[in-house]
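Data block below; observations after.
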Amino acid sequence: MEIVESDIIEVKTKVMNLALNMESMNILAIYVHNLIQDFTEDESGAVTPIRSRYIHLEPHGFTPSHISELLRGQQVNESQHIGERIANKINRSLTKDRTLREPIFVNVHVEFVKERRLVLPSEVPASFEVFQRLVEEHRVDLKGDKETQCSICIEDLSKSQQSIIKMPNCLHIFHQNCLFEWLSQKNSCPLCRSFVQPRIKK
Ligand SMILES: [Zn+2]
Ligand SMILES: [Zn+2]
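Just so we're aligned, residue 91 is where the sequence shown starts under this note's numbering, counting upward by one.
The following block contains the structure:
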């Protein structure tokens with residue numbers, strides 16, 4: 091089994107009006123979260139916050155360069171990229187929602203998500219040994235069998251000139267070509283998802 095890690099940066103913004111008599115400047119509040127997201131085989135993952143930081147800023151304008159500069163000052167990674175995303179979102183809100191008037195209050199959540207995904211053996215291509223085993227030991231002749239279908243291409247297997255494979259564990263039947271195309275992506279039965287193991291050497 092293999093663990094694949096990927097980094098995702100999520101930026102969520104909420105733009106609100108400020109009471110005019112209370113404030114005369116725009117306010118930008120940025121919360122930075124570092125999260126680890128673990129996905130186990132049944133996809134029920136746990137989210138663990140590691141660190142959160144609150145930045146209260148009063149910029150003169152919501153330009154990408156200004157926001158990036160403020161983020162850089164707070165040692166936030168990828169400040170330029172995040173600054174651009176925040177500025178774009180704020181400007182989009184201001185054009186879309188005509189009720190918004192500066193000065194505004196902007197609440198931003200930046201989440202650095204490290205996604206760790208457990209890759210099961212059935213989610214990777216079948217190994218050479220699996221293909222070899224299927225060809226050598228699981229080719230079947232359907233002559234005399236009752237009518238049956240290859241559920242990958244929905245064709246009648248008994249009328250086909252192609253080689254036919256019967257899966258070792260679940261006994262599901264497919265055209266060899268149809269099945270091998272599937273197995274080059276996932277090492278499992280296309281119908282019931284049971285894992286296809288390579289031959290156990292004695
Ligand atoms: Zn087929
Ligand atoms: Zn099956």
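Don't be surprised by glycine CBs; every beta carbon is placed ideally from N, CA and C. Source: prediction; values computed, not measured.
Minimum Cα-Cα distance from Asp187 among the listed residues Arg283, Val105, Ile244 corresponds to Val105.
Restricting attention to Asp246, Phe285, Pro288, the CA atom closest to the CA of Cys268 is found in Asp246. Relative to ligand 1, even the nearest heavy atom lies 7 Å or more away from the CB of Ile263. Set against 7 Å, the gap from the CB of Leu281 to the closest heavy atom of ligand 2 is smaller. Nearest neighbour of Pro211 by Cα position, chosen from Val196, Ser274, Thr189, turns out to be Ser274. Assignment of alpha helix (DSSP H) within the region 210-239, counting only whole runs of 4 or more residues, yields 218-227 in chain order. Comparing alpha carbon positions, the residue from Gln251, Glu213, Val230 closest to Val286 is Glu213. Ligand 2 approaches Met257 closely enough that one of its heavy atoms is under 7 Å from the residue's Cβ. Counting of Cβ neighbours within 10 angstroms places Val220 among the buried residues, the total reaching 16 or more.
Cβ neighbours of Arg283 within its own chain (closer than 8 Å, five residues either side excluded): Ser212. Counting the other CB atoms within 10 Å of its CB gives Phe218 a total below 16, which places it among the exposed residues. The three-state secondary structure of His171, taken from DSSP, is helix.
Gly163 and Arg223 have their C-alpha atoms some 60 Å from each other. Taking Arg182 as reference, the option from Gln266, His156, Ile98, Lys102 with the minimal CA-CA separation is Lys102. Taking a 10 Å sphere around the C-beta of Gly173, we find 16 or more other C-beta atoms and assign the residue as buried.
Counting of Cβ neighbours within 10 angstroms places Ser158 among the buried residues, the total reaching 16 or more. Here Glu95 is near Lys204, since their CB atoms are less than 8 Å apart.
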